[in-house]
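Mature numbering (1 follows the signal peptide of the UniProt record, and there is no 0) puts the sequence shown at residues -31 to -1, 1 to 136. Glycine included, C-beta positions come from ideal geometry on N, C-alpha and C. This structure is a prediction, so every number in the text was calculated from the model and none was measured.
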Amino acid sequence: MSNSKSLVATLRGIACAASISLCMAAGGAVAADEVANKATVQKAFDAWAAGTGSPYDLLADNVTWTITGNSAASKSYGSRDAFINEVIKPFNARMSVGLKPTIRNMYADGDTVIVFFDAAGTAKDGQPYKNTYAWFLDLDGGKIVKASAFFDSIAFDKLWALPAASE
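As structure tokens, this is what we get:
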């Protein structure tokens, strides 16, 4: 009987060790994905700050970008083209000096990267535009597939009320 109990205890130990190993391996993969996703977003923000690219270069064609709150642009955009054409192009048309981001902090949790940053530029009317943002970016294969953006809607709406360059 003691051999049976010993065998059961040994098998339980092996099963437990195998489970821990699998969890650690999975956790290592998740941690590696977090590091890679964070590095991908950091690189895009660095390019944006340098004027050589932007995080929008990472958008998947079928991205869902949601602007939260009550700004004039608050809603969900169901594709890269919709978001770029309805928000980014009109926004940039109101700027004489484009936004330059300064990251306060960046966090990663699984496939989600959270970027807390300030951005400043100059509007076409010569006034400074400054805002603070928090973006929650879900990545898949190095592409942003879902985003939720939070920012000061009062500052945004003040800029949005200006005529765009083409208006």
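8 Å contact criterion, which residue i and residue j should meet: CB distance rounded
i: Asp126; j: Ser40; result: 6 Å
i: Ser122; j: Thr91; result: Contact doesn't hold; Cβ gap of about 20 Å is too wide.
Assigned exposure category for residue i - 16 Cβ within 10 Å defines buried
i: Tyr98; result: buried
i: Thr21; result: exposed
i: Val4; result: exposed
i: Tyr76; result: exposed
Chain-order list of residues whose beta-carbon lies under 8 Å from that of residue i (same chain, five-residue window excluded)
i: Asp26; result: Ala13, Ala16
i: residue 137; result: Residue 137 lies beyond the stretch modelled for the chain, which goes from -31 to 136, so this question has no answer here.
i: Asn87; result: A small fix is needed here, since residue 87 is Asp in this sequence, not Asn. The answer, listed in chain order, is Pro70, Thr71, Arg73, Lys99, Asn100, Thr101, Tyr102.
i: Thr37; result: Ser43, Ser117, Ala118, Phe119
Spatial neighbours of residue i in its chain, beta-carbon cut-off 6 Å, leaving aside the 5 residues before and after
i: Lys115; result: Thr33, Asp107
i: Asn6; result: Ala77, Val82, Leu108
i: Thr35; result: Ser45, Ser117
C-alpha gap between residue i and residue j, whole angstroms
i: Trp104; j: Ile83; result: 6 Å
i: Ala134; j: Phe119; result: 25 Å
i: Ser(-11); j: Asp78; result: Reliability of the predicted coordinates at Ser(-11) is poor, the pLDDT of 49 falling under 50, and no value is obtained from them.
i: Leu28; j: Asn74; result: 21 Å
i: Ala132; j: Tyr102; result: The sequence as given places Pro at residue 132; Ala does not occur at that position. About 23 Å.
i: Phe60; j: Trp129; result: 7 Å
i: Val10; j: Phe85; result: 12 Å
i: Gln57; j: Gln96; result: A quick correction: the sequence has Ile, not Gln, at residue 57. When rounded, the distance between both Cα atoms is 19 Å.
i: Ser48; j: Ala62; result: 20 Å
i: Ala1; j: Asn54; result: 34 Å
i: Pro70; j: Tyr46; result: 22 Å
i: Ser117; j: Asn100; result: 16 Å
i: Ser8; j: Ala124; result: A small fix is needed here, since residue 8 is Ala in this sequence, not Ser. When rounded, the distance between both Cα atoms is 30 Å.
Member of the options whose CA lies at the smallest distance from the CA of residue i
i: Gly111; options: Asp80, Pro132, Ala89, Phe86; result: Asp80
i: Ile72; options: Ala18, Lys58, Ile36, Val66; result: Ala18
i: Gly67; options: Asn31, Tyr76, Arg49, Ala89; result: Ala89
i: Asp30; options: Ala51, Ala1, Glu55; result: Ala51
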